[in-house]
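Inspection log for the structure reproduced underneath, given as structure tokens.
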Amino acid sequence: MGNTAKTRLGHIFSGTATMSRYDAAQIEQKWQEAWDKADVFKATREGGKPKYYVLEMFPYPSGRIHMGHVRNYTMGDVIARYKMSTGHNVLHPMGWDAFGMPAENAAMAIGGHPKEWTYGNIADMRGQMKPLGLSIDWSREFATCDPEYYGQQQALFLDMLDTGLVYRKNAVVNWDPVDMTVLANEQVEQGRGWRSGALVERRELTQWFFKISDMAGELLDAIDGLDNWPAKVKLMQANWIGKSRGLQFAFDRVDGGEAIEVYTTRPDTLNGASFVGISPDHPIAKALEAENADVAAFVAECRKGGTTEEAIETAEKLGFDTGIRVKHPLTGAELPVWIANFILMDYGTGAIFACPAHDQRDLDFCRKYDLPVIDTFFALDDNSPVGTEAFVPAKTDKVRFVDHFAGLDIATGEDAIDATIDFAEKGGWGEGVTKFRLRDWGLSRQRYWGCPIPIVHCDACGVVPEKKENLPIRLPDDVELDKPGNPLDRHPTWRDCACPSCGADAKRETDTMDTFVDSSWYYARFTAPRADTPTDLADAEYWMNVDQYIGGIEHAILHLLYSRFFARAMNITGHLPDSAKEPFDALFTQGMVTHEIYVTRDENDRPVYHLPEDIEWTENGARLGACGSPVEVIPSAKMSKSKKNVVDPVNIISAYGADTARWFVLSDSPPERDVEWTASGADAAFKHLNRVHRITAEIAEMGDATGQGDDDLLREMHKAIHEVTGGVESFGFNAAIAKLYAFTNALQKSKAGADAKRTAARVLAQLMAPMTPHLSEEIWQLLGGEGLVIHAPWPIADPAMLVEDTVTLPIQVNGKRRAEISVPKDLGKDEVEKLAMETDAVKRALDGKAPKKVIVVPGRIINVVV
RNA sequence: GCCCAAGUGGCGGAAUGGUAGACGCAGGGGAUUCAAAAUCCCCCGCCUUCACGGGCGUGUGGGUUCGAGUCCCACCUUGGGCACCA
3 MGNTAKTRLG
13 HIFSGTATMS
23 RYDAAQIEQK
33 WQEAWDKADV
43 FKATREGGKP
53 KYYVLEMFPY
63 PSGRIHMGHV
73 RNYTMGDVIA
83 RYKMSTGHNV
93 LHPMGWDAFG
103 MPAENAAMAI
113 GGHPKEWTYG
123 NIADMRGQMK
133 PLGLSIDWSR
143 EFATCDPEYY
153 GQQQALFLDM
163 LDTGLVYRKN
173 AVVNWDPVDM
183 TVLANEQVEQ
193 GRGWRSGALV
203 ERRELTQWFF
213 KISDMAGELL
223 DAIDGLDNWP
233 AKVKLMQANW
243 IGKSRGLQFA
253 FDRVDGGEAI
263 EVYTTRPDTL
273 NGASFVGISP
283 DHPIAKALEA
293 ENADVAAFVA
303 ECRKGGTTEE
313 AIETAEKLGF
323 DTGIRVKHPL
333 TGAELPVWIA
343 NFILMDYGTG
353 AIFACPAHDQ
363 RDLDFCRKYD
373 LPVIDTFFAL
383 DDNSPVGTEA
393 FVPAKTDKVR
403 FVDHFAGLDI
413 ATGEDAIDAT
423 IDFAEKGGWG
433 EGVTKFRLRD
443 WGLSRQRYWG
453 CPIPIVHCDA
463 CGVVPEKKEN
473 LPIRLPDDVE
483 LDKPGNPLDR
493 HPTWRDCACP
503 SCGADAKRET
513 DTMDTFVDSS
523 WYYARFTAPR
533 ADTPTDLADA
543 EYWMNVDQYI
553 GGIEHAILHL
563 LYSRFFARAM
573 NITGHLPDSA
583 KEPFDALFTQ
593 GMVTHEIYVT
603 RDENDRPVYH
613 LPEDIEWTEN
623 GARLGACGSP
633 VEVIPSAKMS
643 KSKKNVVDPV
653 NIISAYGADT
663 ARWFVLSDSP
673 PERDVEWTAS
683 GADAAFKHLN
693 RVHRITAEIA
703 EMGDATGQGD
713 DDLLREMHKA
723 IHEVTGGVES
733 FGFNAAIAKL
743 YAFTNALQKS
753 KAGADAKRTA
763 ARVLAQLMAP
773 MTPHLSEEIW
783 QLLGGEGLVI
793 HAPWPIADPA
803 MLVEDTVTLP
813 IQVNGKRRAE
823 ISVPKDLGKD
833 EVEKLAMETD
843 AVKRALDGKA
853 PKKVIVVPGR
863 IINVVV
């Protein structure tokens, strides 16, 4: 329980007001029961209403909800409730992304079973989430670790295998040579295994892959149609897919061996080639590795370190001259072939030609190994040769080529590339090709707590898919998790099975699926969560697509790209209609919840972190409540357990109520940016809700007397309707709330009569209902609103009430504001200019002379240039 | 290393290329009260001025424009992602 919050607010509750006080706990329980009783959040296809599907990225069941969840689900709830009140059948489901490593880690660290740990956490989190009053259809809830869910996922896998979307090949993993186990990237710390501390190596395993690269072009082209996605996410995805056009050609070997195919996106720099580089995983490197101890040692050196692109890109550049020589296709010059650790086998052909003058990596490499650097072009105004910095102009910049083979002189990089590809194709020694950076999706994981891959290995038949009637292939419960490695691999009997093809004794695949598979189709499953096929087409047809998807920007690439792939795969396999190939119509990426960090130092000057609720504030700054030691305050960062800068939503809800928590996370920052949780901000939110409760209760008790300024109040009301509606529809929740503050101020100050005030207060309840649904129901009832506010149709602003008769125009002199005038809204340009020229400020600035220019923007501004 | 964002008062932030700082917090002053809390009213970017006013001001440096927080270029700092964290 958050003592700080309770103490801080004790005084609010101790008031002696005769009016009933704002009792959040009582109000929230009362209205949650009313909603349950009326079953208002059950998604149905009835009534001929348009549908609206709002989905927040489902949580990993860590066991505790955090403020990030509160923010994420509150945003979705605002949209869902708003859409309910605008006449939609709303689908707003919740589930659990329940497979993954933390459950296995917990089992290893504290004992127990991943299954029990996970389902226990789900129960806890559901219990913490329900008090938030979210408009969720809980009857559709599922966890990805339910056999009913992952069995359907296995069926999907088999269908994808049938259609050629799944295949096997070798791929590298992080290998811990001490624990003899595969490590996740997260488990590699500074190149070492997190438990053993051993230097990690890259090792090849045969693994299952989804053929996402087949759809690279389509996934890229379809980005254009994602009108309601953030531009930055679309750009990140486009860059990730990485379409490039380049030249593919071969270097003939001097020794007559098989030619080396290379791919380059800068064929125009072929004159500057100083060596040919191949990946340590290139077939030629592998062949040499087998017969040459020096090569084997070098390649082994290259395989040290993790598999991440970051590790490979930032590693020190290493090279080995193979002694092989190739012929430059144009000049006939001999070039050496080097093995280089920064060349990826996965991209292009796994071999390149290096042009050090115009590529920084190549240049660093050539300087290190003393290879020649040949300039192929210069800037138009600078002939100096490349030194330590490669000359890499934008492809749209014009440069001057030196003695170019395709006859180029001054040209842009783009034109030069096209001309070179043309030249090579005409000469018959090369071909223009389009390639993608996107690699196929490796889905095999050597872990227990995931969806088993429904495959059987038979000595006679080879790799055989399991029969659908045998699904789900369930995870065994009796496993030992106390040692590293995959417990399925060492289970005495689970692997044993009959071959689905010939019936002979066979062995199950022991790898499980990447948890990204689980989250790549859950949105489709929510449309028919109990169907005995992956989806029910009629339900999918009605509810898909997700109209509004909401989640963290950290999922901008992988999760969203994999989901887009899966929707297409499900369409091909008959589980989704054509209309649902692109599953998320609109995407919103919200920011994180942050908090200040409080730290003291131990005797060794190491930081000791403290929870916000243990801090006291004095005139001299922050100190520890218990002992009074001064505390250093570090600027806000993402809430994390290790830094203890966390505020538990459960504490906040019991101190202030859910409506305050919801109001605050929406009010203080634009939703796409981070929000800093502050105790004073939460207090302010709570005080405001108290004030709304008090004001509306007073209005409810007013007599029917007429007052002054009814029309002004109603104008304010219509403006509030207009702006709050716009704010909600455009995810401007903080702006909508600012308007609600202003409208509340206007309502409080207004001297209007009871009728106008009640009308305005009921509209206030409606406008606040998506954000503070419990308080809104209470006010609505108090003011005699009909039924539940969740069922009341959203108010519509009267355009006639939104226009002002006069406008205030600022007058600038040379772009600086010097005066303002108030004029009728429709006054003509010439009259406005005349009035402006007569103001003192303009006369003073002109000093009797004529202005150079006068700009009048009607209804906006006047600028006099002197 | 590569890709993508974000930087505005003491603080969170607002602002279709058109009055920078809406709204909220913190702070100051006042009303109410025996007193306090709660509540209500007023002030509140920085410098300068008794005041009227003037100058400066949206991370830094340039540019486009009658006019730039907003558009363009370069840089700095912080955050997200980099394919086995979810």
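Positions in the first sequence are counted from 1; adding 2 to them yields our numbering. Using N, Cα and C, we set each Cβ at its ideal position, and we do this for glycine too. Keep in mind it's a predicted model, so treat the numbers as computed, not measured.
Which two residues bound the contiguous alpha helix (DSSP H) that contains Asp714?
Note, Asp714: alpha helix (DSSP H), 712-731.
First and last residue of the uninterrupted beta strand (DSSP E) at Ser824:
Its beta strand (DSSP E) spans residues 818-826.
Is it buried or exposed for Phe15, if we count other Cβ within 10 angstroms and need 16 for buried?
With a pLDDT of 40 at Phe15, under the threshold of 50, the predicted position of this residue should be treated as unreliable, though the coordinate-derived value follows. Burial call: exposed.
Would you kindly check if the distance between the Cβ of Tyr55 and the Cβ of Trp545 is under 8 Å?
It is a contact, given that the beta carbons lie within the stated cut-off.
What residue does the alpha helix (DSSP H) around Pro1 start on, and which one ends it?
Residue 1 lies beyond the residue range present for the chain, which begins at 3 and ends at 868; the question has no answer from this structure.
Assuming Lys397 contacts Glu416 (C-beta within less than 8 Å), just tell me the rounded distance between them.
A Cβ-Cβ distance of about 5 Å is found for the pair Lys397 and Glu416, placing them in contact under the 8 Å criterion.
Where Tyr743 falls, given that 16 or more other Cβ within 10 Å makes a residue buried
Exposed, because fewer than 16 other Cβ atoms sit within 10 Å of the Cβ of Tyr743.
Suppose the cutoff is 7 Å on Cβ atoms and the five residues either side in sequence are ignored; what does the same chain contact list for Thr512 look like?
Cβ neighbours of Thr512 within its own chain (closer than 7 Å, five residues either side excluded): Asn488, Leu490, Asp491, Arg497.
For a test of the three-state rule: what should DSSP assign to Arg862, helix, strand or coil?
Reduced to three states, the DSSP call for Arg862 is coil.
Measuring only the C-alpha atoms, how far is Asp685 from Gly627?
Those two C-alpha atoms are separated by around 20 Å.
Report the partner residues of Ala173 according to the DSSP bridge assignment.
Leu207.
Buried or exposed: where does Ser631 fall if 16 or more other Cβ atoms within 10 Å of its Cβ makes it buried?
Label assigned to Ser631: exposed.
How big is the Cα-Cα spacing for Ala2 and Asn385?
Because the chain is modelled from 3 through 868, residue 2 falls outside the range shown and cannot be assessed.
Minimum C-alpha distance to Ala295 - residue among Gln189, Thr316, Gly274, Phe322
Out of Gln189, Thr316, Gly274, Phe322, Phe322 has the C-alpha closest to the C-alpha of Ala295.
Alpha carbons only, please: which of Pro614, Leu784, Leu716, Ile419 is nearest the one belonging to Ile697?
Taking each of Pro614, Leu784, Leu716, Ile419 in turn and checking the Cα distance to Ile697, the smallest one comes out for Leu784.
Ala852 beta carbon less than 8 Å from that of Ala821
By the CB criterion at 8 Å, Ala821 and Ala852 fall outside the cutoff.
Which residue's Cα is closest to the Cα of Ile124: Ala109, Glu143, Ile112?
Ranking Ala109, Glu143, Ile112 by Cα distance to Ile124 puts Glu143 first.
N- and C-terminal bounds of the beta strand (DSSP E) containing Val481:
Val481 -> no beta strand (DSSP E), and no H or E assigned at all.
Mind checking Ser281: buried by the 16 CB within 10 Å criterion, or exposed?
Label assigned to Ser281: buried.
Asn91, enclosing beta strand (DSSP E) - first and last residue:
91-93 is the span of the beta strand (DSSP E), which, as asked, contains Asn91.
Given Arg675, which residues of its chain have a CB within under 8 Å of its CB, disregarding the five upstream and five downstream residues?
A distance below 8 Å between beta-carbons, with the five flanking residues on each side excluded, links Arg675 to the following residues of its chain, in chain order: Gly593.
Segment limits, alpha helix (DSSP H) that includes Gly199:
According to the DSSP assignment, Gly199 belongs to no alpha helix (DSSP H), since it is labelled neither H nor E.
Are Thr351 and Tyr265 closer than 8 Å when you measure CB to CB?
Against a cut-off of 8 Å, the Cβ pair of Tyr265 and Thr351 comes out as a contact.
Note down the Cα distance separating Ala275 from Glu391, rounded to an integer number of angstroms.
Their Cα atoms are separated by approximately 17 Å.
Segment contact, 8 Å Cβ cut-off, at least three pairs: the region 364-373 with the region 313-329:
Output reads yes: the region 313-329 touches the region 364-373.
Asp508 burial status per 10 Å Cβ neighbour count (16 or more: buried):
In the sequence as presented, Asp is not what sits at residue 508; that position holds Ala. Per the 10 Å Cβ criterion, buried.
Mind checking Ile864: buried by the 16 CB within 10 Å criterion, or exposed?
Within a 10 Å sphere around the beta-carbon of Ile864 sit 16 or more other beta-carbons, which makes this residue buried.
Quick check on Tyr169: buried or exposed, where buried means 16 or more other Cβ atoms within 10 Å of its Cβ?
Burial call: exposed.
Does the Cβ-Cβ distance between Ala660 and His776 come in under 8 Å?
Ala660 places its beta carbon less than 8 Å from that of His776.
Quick check: what's the CA-CA separation for Asp587 versus Ser565?
Each residue's Cα considered, the two are about 13 Å apart.
Beta-carbon separation of Val868 and Ala847 under 8 Å?
For Val868 and Ala847, yes; Cβs fall inside 8 Å.
Just confirm the distance between the C-beta atoms of Met572 and Leu158, as a whole number of angstroms; I'd bet it's less than 8 Å.
That pair is a contact at about 7 Å.
Determine the DSSP secondary structure at Pro387, reduced to helix, strand or coil.
Of the three classes helix, strand and coil, the one that applies to Pro387 here is coil, per DSSP.
Output yes or no for whether 8 Å exceeds the beta carbon distance between Gln155 and Ile67.
Gln155 places its beta carbon 8 Å or farther from that of Ile67.
DSSP state of Thr537 mapped onto helix, strand, coil
Taken through DSSP and simplified to helix, strand or coil, Thr537 comes out as coil.
C-beta atoms of Met127 and Gly554 nearer than 8 Å
Result no, Cβ atoms of Met127 and Gly554 do not sit closer than 8 Å.
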